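Trainee: Sequential numbering of the sequence shown, starting at 5, is according to our numbering.
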Amino acid sequence: MSQVKHLLQGKGNAIYRVAPETPVLEAIKHMAEHRVGALLVMHGEKLVGVMSERDYARKVILQGRSSSQTAVSDIMTGTPLTVGPDTDVFDCMRLCTDSRIRHLPVVEGDTVVGVISIGDLVKAVIDAQAEQIEHLERYITS
């Protein structure tokens, strides 16, 4: 099975980020503009959290808070789980499933090099299984 670095090679290393003091409304607009479900929260180059649509729904909407008056730091998930570029895709899937998260920042040393989502992981597994089936069919028919 492939590693995280292979997923990033295929999807790119785009990192969508906001500062902790950013108003939640601005962050939500940023997510919509880039069609992503989460943003990395970074203080300079340091990863300090992740803000997701789930955080917004549970910590702003359901609590009746103001999107324009609430800072991202008030609702983000602090100290997020991260993976490295050499992490196996199955290990990432297990981590996402066990931790009930959908986005994993990819960190090499102290540097964020990308983000993978549960959708990226599922696609990688489906692609690997399709390739394996194709190899088995060729083996059986030859």
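Heads up, the beta-carbon is just placed ideally off N, CA and C, and yes, glycines get one too. As the structure is a computational prediction, the values presented were derived from the model and not from experiment.
Can you tell me whether DSSP reads glycine 14 as helix, strand or coil?
Mentor: For this step, residue 14 is matched to residue 10 along the sequence shown. Helix at glycine 14.
Trainee: Take valine 76 and list the residues in its own chain whose beta-carbon comes closer than 7 Å to its own, dropping the five residues that flank it on each side.
Mentor: Translated into the one-based positions of the sequence shown, residue 76 becomes position 72. Answer for valine 76: Val22, Pro24, Thr26, Val28, Ala31, Val45 and Met55, listed in chain order.
Trainee: Is it buried or exposed for serine 146, if we count other Cβ within 10 angstroms and need 16 for buried?
Mentor: Position 142 of the sequence shown, counting from 1, holds the residue named residue 146. Per the 10 Å Cβ criterion, exposed.
Trainee: Out of Tyr143, Ile130, Asp102 and Gly118, which has the shortest C-alpha to C-alpha gap to lysine 9?
Mentor: Locating residue 9 in the sequence shown gives position 5, where the first residue counts as 1. Nearest option by C-alpha distance: Gly118.
Trainee: In three-state DSSP terms, what is leucine 99?
Mentor: Walking along the sequence shown from the start, residue 99 turns up at place 95. DSSP places leucine 99 in helix when its eight states are reduced to three.
Trainee: Quick one: using the 10 Å Cβ neighbour count with 16 as the cut-off for buried, is histidine 107 buried or exposed?
Mentor: Position 103 of the sequence shown, counted from the first residue, corresponds to residue 107. So histidine 107 ends up on the buried side.
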